[in-house]
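This note's numbering puts the first residue of the sequence shown at 23, with every later residue one more than the last.
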Amino acid sequence: MGRGPSIEARKNAVDAQRGKIFTKIIREISVAARAGGGDPGGNPRLRSAIDKGLSVNMSKDVIERAIKKATGELEGVVYEEIRYEGYAPGGVAVIVDCLTDNKVRTVADVRHAFGKFGGNLGTDGSVAFMFNKVGVLSYGAGASEDAITEAAIEAGADDVVVYPEDGAIDVITSPDVFNDVKDAMVTAGLPPELAEVTMRADNDIAVEGETAQQVVKLLRWLEDIDDVQNVYSNADLGEDAYA
C-alpha cells in the first residue's frame, strides 16, 4: 500500500486554501446529513465531516446551518455525488470524487483538466479496483512506535505502518471502525496529527522528470476545481516533480 503525502504537506494544503476547504467540507456535511440524518451520533460519515470542519476552525453555527439545510429545516442546494476515473501521464491512475449541483459543468471541468495535462478520462470502474477505502491516523517523527502499535491493535486497527526514512507512523483501519479507533487513540493519550478516511492504491507507479511534473500539475488542477472534493492517485513522485 502506497504512502500518501506527508503530514506537513497535507496541513499546508489546508492552510493555503482555507476558503475552498470550507466550501468542500460544508458540501460533505450536507451530503452526509441528507443521506444518513442530522445526528452525528448515528451517522459516522457526518461525524467525520464535522470533525474535519472543527479541525480547520469552522464554527459550530456554520456546521449546524449546513445540517439544517440538508435535512430540510432550511432551504439549501442539493448536491449529487459523482466519481470520475482516468489516467494521468505515465499510466498513473486517478480517482476524482465530486459533489455537484450541475453534472454537465463538473464533467466538462474534469475532462478539460485531464486533456490539458496529457491524461484521459476513463469509464466507471476503470481504475477504482486498484484502490481501497481506508481510515488513516498519521503520526509524525518522534512518536512512540510501541505505544501506538499496542493501542491501535487493542482498538481494532488493521495495520500499523512505520516509515523508516523519517520515523512517521500510519495507523490503518477499515472505514467502519475509523471513528472508534480514533477515539481510542485519543483516550490513550495518542491523538493523531492527522486523521482521515481516504483511498489508497494497492501499488504505486513511479514517475519522474517531466512526466512527474505533468502528473503534479494535473492533480493540483483537479483539486482546484470547485466541485471536486477529493483526488486520489497511485503516483509515486520524486522530489523533482515539484520543481
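We treat Cβ as the ideally placed atom computed from N, Cα and C, and that holds for glycine. If you're wondering where the values come from, they're calculated on a predicted model, not measured in any experiment.
*CB of P66 within 9 Å of CB of N201, strictly*: Contact: yes.
Does the contact criterion of 3 or more C-beta pairs under 8 Å hold for the region 114–122 versus the region 143–151? yes
Below 8 Å on the Cβ atoms is my contact criterion, and I expect R193 with A223 to pass it. Report the Cβ-Cβ distance as a whole number of Å. Going by the sequence as given, residue 193 is Val instead of Arg. Actually they do not touch by this definition, with Cβ atoms about 18 Å apart.
What residue from A177, D198 and S52 has the CA that sits closest to T209's CA?
A177
Q. DSSP three-state call for V36: helix, strand or coil?
A. Only weak support is given to the placement of V36: the predicted model assigns it a pLDDT of 47, under 50, and the value that follows is read from those uncertain coordinates. Of the three classes helix, strand and coil, the one that applies to V36 here is helix, per DSSP.
### Query
Quick one: what's got a C-beta closer than 8 Å to G196's C-beta in the same chain, skipping five residues either side?
Checking the sequence, you will find Ser at residue 196 rather than Gly. Correct list, in chain order: V156, G157 and D180.
Take Q269 as the anchor and find which of F139, R127 and A55 has the nearest alpha-carbon. This structure leaves residue 269 out entirely; the chain is present only between 23 and 265.
**Item:** 3 or more residues per run - each beta strand (DSSP E) lying fully within the region 155–238
**Value:** 181–185, 190–195, 216–223 and 227–229
Taking one C-beta from the region 70–80 and one from the region 102–110 each time, how about it: are there three or more such pairs within less than 8 Å? no
Per the DSSP calculation, T122 is bridged to which residue(s)? According to DSSP, T122 bridges with E102.
Worksheet item: Can you tell me where the beta strand (DSSP E) with S255 in it begins and where it stops?
Response: V250 to S255
When E167, E172 and D249 are compared against V184, the one with the closest alpha-carbon: E167
On the three-state DSSP scale, how would you describe G59?
-> DSSP places G59 in coil when its eight states are reduced to three.
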